[in-house]
Amino acid sequence: SPEEKAKRLAAYAAVDEHVKDFHKVLGIGSGSTVPYVVERLCQPPHCYANSDRWYVPTGFQSKELIVKAGLNLGDVDQFPTIDVTIDGADEVDDELNAIKGGGACQLREKVLAEAATHFIIVADSRKDSHVLGQTWKQGVPIEVAPFAWAKVFVNLQKMGCEKPTLRMGKMKAGPVVTDNGNFVIDAVFSEPYMRDPAELLHRIKMLTGVLEVGLFVGMAEAAYFGYPDGTVMARW
Ligand code: DER
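Pasting the structure below:
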């Protein structure tokens, strides 16, 4: 499909541009765009560097990707610093701030994004916005301790959240449970809040019971967007 082609284009361009043979530790994110990142890394010339390279996952899906591709699986504990982390996003604004967590992996994703010397985002063009919230209407994904979810829910409303929602499983009765055993609250905020993602991130992060927030502010070095017409647009 044109969307899948666009994701592949963005992923290939990001790998070709930002992964060098001397990069030995790579962080691999989650979602439907990142498989194309791994696909490219398994092709010449990138594949020739894989024998002494380590791949660190951001969750179950990401780990499966690495293992199935026959790449060396690295543990995040082994590598305090990661050379390059490449990950998807739900939306990216003009300053390369991103909403992440559509796949409920944002806690580990942010750990690897922060640990990386270079954090690169890959996405199809639908994620390319001026202000967060323009196209991603599901809200900011927030990982919360199950014990505290109802308190966080109320406190989000008190701080102006228009519509907090506890993320429920599809083929699972009850809430989605993350790889860390936590719940996710999706919190919709109006545009004024989304125009200052740093302020919003800090206010949400300070709520007792919040473990991580799907706002990646000032972290991405570059973002690659693939278009259905076969072009790639890079921003940095
Ligand atoms: O959960 C995340 O942040 C993922 O990166 C994900 O939302 C990206 O989604 P996609 O690559 O499937 O569009």
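For the sequence shown, the positions run 77 to 312 when full-length UniProt numbering is used. Backbone N, C-alpha and C define an ideal beta-carbon position, used for all residues, glycine too.
Those residues that have a beta carbon less than 7 Å away from any non-hydrogen atom of the ligand DER are, in order along the chain, Lys83, Gly105, Ser106, Gly107, Ser108, Thr109, Val110, Asp163, Gly164, Ala165, Asp166, Lys176, Gly177, Gly178, Gly179, Ala180, Cys181, Gln182, Glu185, Ala199, Asp200, Lys203 and Gly290. In the structure shown, Ala174 adopts extended strand secondary structure according to DSSP, grouped into three states.
Here the alpha carbon of Glu288 sits roughly 30 Å from the alpha carbon of Arg116. Across the structure, Ala180 and Asn173 are spaced so that their CA atoms are roughly 18 Å apart. For Trp130, there is no enclosing alpha helix (DSSP H); the enclosing beta strand (DSSP E) covers residues Trp130 to Pro133. Excluding the 5 residues flanking it on each side, Glu297 has same chain C-beta neighbours closer than 7 Å at His194, Phe195, Ile196 and Trp312, in chain order. Listed as beta-bridge partners of Phe155 by DSSP are no residues whatsoever.
Per DSSP, Leu147 lies in no beta strand (DSSP E) and is assigned neither H nor E. When Cβ pairs closer than 8 Å are counted between the two stretches, the stretch 159-166 is seen not to touch the stretch 144-151, the count staying below three.
Just measuring C-alpha positions, the residue of Ala221, Lys96 and Leu242 sitting nearest Gly257 is Ala221. In the displayed model, Asp166 falls within coil according to three-state DSSP, outside both helix and strand. DSSP places Leu283 outside any beta strand (DSSP E), giving it a letter other than H or E. If you ignore the 5 residues before and after Leu102, its C-beta comes within less than 8 Å of the C-beta of Val95, Leu117, Arg129, Trp130, Tyr131, Val132, Ile158, Asp159, Val160, Thr161 and Ile162, all in its own chain and listed in chain order. By the neighbour-count criterion, in which 16 or more other beta carbons inside 10 Å mark a residue as buried, Phe292 falls on the buried side. Per the coordinates, the alpha-carbon of Leu276 lies some 43 Å from the alpha-carbon of Pro120. In the three-state DSSP reduction, Ala199 falls in the strand class (E or B). A Cβ-Cβ contact shorter than 8 Å links Ala199 with Phe301.
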